[in-house]
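K.L.:
Each residue of the sequence shown is one higher than the last, beginning at 86 in our numbering.
Got a structure for you, questions after.
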Amino acid sequence: MNSTYTGVLSNATGKTGSITISNTGSGGSVTFSGANTYTGSTTINSNAKLALTGAGSISASSSVIDNGNFDISATDSGASIKSLSGSGNVALGNKTLTLTNANDTFSGGIGGTGGLTVTGGNETLTGANTYTGATQVTGGSLTLSGSGSLASTAVSIANGASLHDNNSGLSTATNLTADGALTLGADQTIAQLNGATTGTVALDSHTLTIGNGGSFAGVVSGTGGVTVAGGNETLTGANTYSGTTTIRSGAGLTLASGGSLAHSTIADAGSLTLTANATAKSLSGAGSVNLGSNTLTLNSAGDTFSGAIGGSGSLVLNSGTEILSGANTYSGGTRVNGGTLQVSADNNLGSGALTLNGGTLHSTGSFTTSRALTLQAGSTSAITTDTGTNLLLEGVISGSGNLLKNGNGTLEVNGAHNTFSGQTTINGGVVQIDDGASLGTGQILLNGGTLQTLSTLSNAQQVVVTGSSSVNTNAGTTATMSGTVTGSGSSCFNKTGAGTLNMTGNATLSNGTCVQEGTLRANGDLTSNVTVDSIGTLRGTGVIRGTTTVTGKLAPGNSPGTLYSTGTVTMTSGSTFEEDIDGTGTGTGAGNYSRLIISGSTSQFIAAGTLTPLLRGITTDPAIPTSTANNTFTPSLGDSFRIVSAEGGIVGRFASLVQPSSGLAADTQFVAFYNQLGSNSIDLRLTPTSYAKYLTGGNQNARNVGGVLDKLLTGQVNNTDTTAQSNLLYAASGLNASQLKTAARQLSGEVHAELAATAPLASRALQSDVSNHLQQDAAAGENQDGTPARVLWATSNVDHQQFKADDFASGYKTNRSQFSVGIDAFTTSRTRAGFGMSHAETSIGQESGSGSLTETMVFVYGSQALGKFYLDGMASIGSADWSSGRSDPLQLSGGLASSSTGSNTLFSTGLRMPIAMSNGVVEPFARVIWQRSSRDAQNEGSASVSALSLQGYSASGVRSMVGFSGKSLEQDPLKAAFTYQLSLAVGQDSGKLSRPQVNSQLAGIDLTTTSPHSGRQFVQTQLNGTLKIGKQSYLYGGVNSEMAQGRSEYGASAGVRVAF
């Protein structure tokens, strides 16, 4: 049925009556066109319909319970009701239904092109509403729950009002203006989000997706996220939601005027634009960021952004890890206040400066950047480089903050322009520098990493070493560290790299210094035990206060110079001690030689490995002013270089000595001497390669000494020599060329050979005296009783002999005085025999010594006439005292002396035939003399290694002579007032007596010494005469000479004879 009521329905006073439309049948309705005022509820049953037309109104009704149909489409301007419930339908037409005091749930559907407005209360919609007009919540709240949804595309929430979308009930085409509060109970997609600063969006844990942008100045909160799927959404509020802000490809998000996403990660696949400074939790995606002139701050990053960040603004990271992998162009700079900013290329950081304020820059790729770096005051920041990567900083580094280098990769810091004053800590990997100012002015802490120098530089910063840390110097460069170096921990301070580390300051490294590679120059005060590995070198002129163990090379000085140590220095097998020799001075640089001086009563030098002297190619280092060498010095014989001194002693020897490849004079070499004379030192001296060869120009005795010295050289090199032998060679090696030649002759003990050559002379002179006596006294006549006269005779003679130097020995001189007495014990007219005694004293003088022989002889003689011939003979035997004294050739003692006893034996026979002439007598003669001379063994003591130990000596020889004498006609000296006799003879010596060889030992090495090898053929002259002084007595005298090649002899004799 259809019923229309145009009047006004009202309640009686004090009454609250209600109206129920119970059943209008199919197609029927109840229509109100009046402005009804009743206040009770209005109920529309399921088979009923209530329609409002014209000005019809039920706005005073407490609620509308619509289980049927409620139609306001014919009203003039829509309808207002207090609240709506039920499960029916609402037909809006093109009108708006306003709920003024809602407090119900409506599960039915609202349709039409009109809208719904809530001005108060709380209305809950659980049905699928199809109306397309605006939905406005100007007061109170509207809740979508269950299956509740809105087809409306224009939804607004006024300030103070709220919309609760519990079930994704909004249309994806909804343009939402939220000046009030929007609460999500499920993920929701809308077209736009707009709203004033009063608006709020409570996401709870859900995601709001915006399909076509908008501008929202309010605050979005909750743990859910916001997705901008299309268009551009502008956020200007300080949003607090913690879910992800997703910007899809093609979409944009603008953070403007205080817009903040401080708790949200931005997943940017589209574009993010800042028109004011903005904050986000993190940034990810591959989209773009346009900073404008603003700053984007990431508070707690944990994402990777591979897109492009542009603009003139800046990027700030406060915590977390943000990875930038895109080609960014922003120019306002990057500031890392905390957390880690990870990059792999320079353009990841845009084009601006970099400020580290307690955060970390993590480089995962190799690249170069010229941007400025500021280390913020009061902060400790880090740069981390991954294994196998190299980050090169070429820009200016300033500030007073501290810098940590982490990671196993390389950080290269170039330039002299860096001014930062904070501490640099190298925790891992490598920090490379090319200038002393590359790391500013602060302390450098090596805490397990490596500081590598790429060029020659000087650095005065304090260095602290902890952990296993290294300084690596590039080949061909020198890094000078003049600041204080201290270290502790359980690992060595390692010197690596093929270049040079020059430590000139005070360094205390309690766990040792290890030279693994290249060169360490200890030019300061280094308190540390030092280990030099096989490819390492230790040099310097400073002090090492600790032990040093060398497997590689030790080369004191910087070129020539002195290195000091207070601990034991150990050279191991395979090590090298390189000795720079540029002169004989002990200073530093050119003209000097290097030394190692070890102090401390228990500090030793333990030798092993190879000793390598250098005369040419002595390296110099332009970075070290004292590192100079002329490389022109050629040492001379006798030059001595004390290369090592150790107060605690020398232990062991070098296994080998490698001679310099250039710089040595021909046929010379270096020889090492160890602890000579208790010196606790190693001396390097220049010697001939062969003394015998070097002394070729000397005499044979000198050459023989050269042979001895050569054997000593072999023993010294092979360590088979005795102490005496080593000391002898040491003394000889200290002689210059001139001194050596002289000393070699003197060391041979030539005086001993000269004594041996002189020993036969007294016996030979006695033989001459006896021969003259027999010739003169054979004519002595008869006594007055007619018996043949016998003669008592006495003779005194003197003799001087001179031997010239030759290829065998030095020259020398002898002087002899001799007294003989004899008596004819038996005489007949044709036979005469006698005996006698003789005493002789002979002195020898030569360049470095003297000798003497004191001889006493007894003899027998006889003569027998055989027709016209006279045969005579004699034999003598005697003893001799041999003594010598000479200066010490090596000046190791006050002199050398020896004495011994010997014997002389002589047998002589001669044949002469006097031939009377008209005015005199000519007497041809011939004579043969055999002699033997011997001496006991003797030595020159033990005061000097120059002393000889002489073996016993014995030699014999034969002298043969022929000649003639011219005599006065009267030969009887007792009848004539005077008589004369002139003799001339030539002779030949044979046997070893005239060229003796004396065998001895010099420092235990066999030595043979000889005298000059004068000619064996000689000419002898004599002139004798008598002067009668009594009836039975007369004086006699004479002069004699003997000449041979290389020697001459002159003598005189005088005597008296008495016949009886």
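Heads up, the beta-carbon is just placed ideally off N, CA and C, and yes, glycines get one too.
#1: Among the candidates 989, 603, 744 and 434, whose CA atom is the shortest distance from the CA of residue 394?
#2: Using the three-state DSSP reduction, which class does residue 793 fall into: helix, strand or coil?
#3: Rounding to the nearest angstrom, what Cα-Cα distance links residue 136 and residue 176 in this structure?
#4: Applying the 10 Å Cβ sphere with the 16-neighbour rule, what's the burial state of residue 799?
#5: Which two residues bound the contiguous alpha helix (DSSP H) that contains residue 1113?
#6: Can you tell me the Cβ-Cβ gap for residue 784 and residue 607, rounded? I've got them flagged as a contact below 8 Å.
#7: Could you tell me the distance, in whole angstroms, from the CA atom of residue 752 to the CA atom of residue 813?
#8: For residue 367, count the other beta carbons within 10 Å of its own beta carbon; 16 or more makes it buried, fewer makes it exposed. Which is it?
#9: At 3 residues or longer, what runs of the beta strand (DSSP E) sit wholly inside the stretch 97 to 125?
#10: Under 8 Å, with one C-beta from each stretch per pair, do the stretch 779 to 794 and the stretch 733 to 751 reach the 3-pair mark?
#11: What do you reckon, are the CB atoms on residue 514 and residue 493 nearer than 9 Å?
#12: Is the Cβ-Cβ distance between residue 586 and residue 616 less than 9 Å?
#13: Determine contact between the stretch 355 to 365 and the stretch 375 to 395, defined as no fewer than three beta-carbon pairs at a distance below 8 Å.
#14: Could you pull the DSSP bridge partners for residue 490 from this structure?
#15: Between which two residues does the beta strand (DSSP E) harbouring residue 1071 extend?
#16: I'd like to know whether the C-beta atoms of residue 837 and residue 1069 end up nearer to each other than 9 Å.
#17: Among 353, 388 and 386, which residue has its Cα nearest to the Cα of residue 375?
#18: Which two residues bound the contiguous beta strand (DSSP E) that contains residue 277?
#19: Run through the DSSP bridge pairs and tell me what residue 255 is partnered with.
#20: Say whether the stretch 494 to 512 touches the stretch 460 to 475, bearing in mind that this needs 3 or more beta-carbon pairs closer than 8 Å, one atom from each stretch.
#21: Have a look at 230, 241, 196 and 213 and flag the residue whose alpha-carbon is nearest the alpha-carbon of residue 203.
#22: Roughly how many angstroms separate the alpha carbons of residue 843 and residue 1080, rounded to a whole number?
#23: Under DSSP, the beta strand (DSSP E) around residue 1038 begins and ends at which residues?
#24: With DSSP collapsed to three states, give me the class of residue 502.
#25: Quick one: Cα of residue 976 to Cα of residue 815, how far?
#26: Assuming residue 689 is part of the alpha helix (DSSP H), what are its boundary residues?
#27: State the DSSP-derived secondary structure class of residue 903, mapped to helix, strand or coil.
#28: What is the C-beta distance between residue 724 and residue 669, in whole angstroms, given that I count them as a contact (C-beta under 8 Å)?
#29: If you draw a straight line from the C-alpha of residue 428 to the C-alpha of residue 350, how long is it?
#30: Which ranges would you report for the beta strand (DSSP E) in the stretch 589 to 640 if only whole runs of at least 3 residues count?
#31: Identify every residue that forms a DSSP beta bridge with residue 1011.
#32: Need the endpoints of the alpha helix (DSSP H) that residue 823 sits in, please.
#33: Per DSSP, residue 496 forms a beta bridge with which residues?
#34: Can you tell me whether residue 107 is buried or exposed? The criterion is at least 16 other CB atoms within 10 Å of its CB, across all chains shown.
#35: Measuring CA to CA, which of 243, 192 and 386 is closest to residue 214?
#36: For residue 778, which three-state DSSP category applies?
P.N.:
Judging by the given coordinates:
#1: 434
#2: helix
#3: 9 Å
#4: Residue 799 is classed as exposed because its beta carbon has fewer than 16 other beta carbons within 10 Å across all chains shown.
#5: Here residue 1113 belongs to no alpha helix (DSSP H); instead the beta strand (DSSP E) covers 1102 to 1115.
#6: In fact, because the Cβ distance is near 52 Å, the residues do not count as touching under 8 Å.
#7: 21 Å
#8: buried
#9: 104 to 108 and 114 to 117
#10: With the rule of 3 Cβ pairs closer than 8 Å, the stretch 779 to 794 does not count as touching the stretch 733 to 751.
#11: yes
#12: no
#13: Touching, yes, given that three or more Cβ pairs across the two stretches are closer than 8 Å.
#14: 468 and 511
#15: Residues 1063 to 1076.
#16: no
#17: 353
#18: 277 to 279
#19: Answer by DSSP bridge pairing: none, since residue 255 is not bridged.
#20: Using a C-beta cut-off of 8 Å, the stretch 494 to 512 makes contact with the stretch 460 to 475, since at least three inter-stretch Cβ pairs fall below that distance.
#21: 241
#22: 10 Å
#23: Counting along the chain, the beta strand (DSSP E) containing residue 1038 begins and ends at 1038 to 1052.
#24: coil
#25: Each residue's Cα considered, the two are about 13 Å apart.
#26: No alpha helix (DSSP H) holds residue 689; DSSP gives it neither H nor E.
#27: DSSP places residue 903 in strand when its eight states are reduced to three.
#28: 6 Å
#29: 19 Å
#30: 591 to 594, 598 to 607, 610 to 612, 615 to 625 and 633 to 635
#31: DSSP output for residue 1011 lists 996 and 1047 as bridge partner(s).
#32: 822 to 832
#33: 476 and 516
#34: exposed
#35: 192
#36: helix
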